[in-house]
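Residue numbers (my numbering): 2 to 53.
In structure tokens, the structure reads:
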């Protein structure tokens, strides 16, 4: 298993964990899911360009 697939798996699980669907997570706002979304976008760009 490559490092990229491990990162993608961890980020997908993190995104599922920060979705404000549970009562305790509704007060968090968009910050956690936005941060994970931006991280996933950066990872996607990195995978597509392979520049790093």
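Don't be surprised by glycine CBs; every beta carbon is placed ideally from N, CA and C.
Collapsed DSSP secondary structure at residue 22 in the structure displayed: Three-state result, residue 22: coil.
Alpha-carbon spacing of residue 43 relative to residue 2, whole angstroms: Straight across, the Cα-Cα distance linking residue 43 with residue 2 is about 20 Å.
Beta-carbon spacing of residue 48, residue 5 below 8 Å: yes
Reduced DSSP secondary structure (H/G/I, E/B, other) of residue 27: helix
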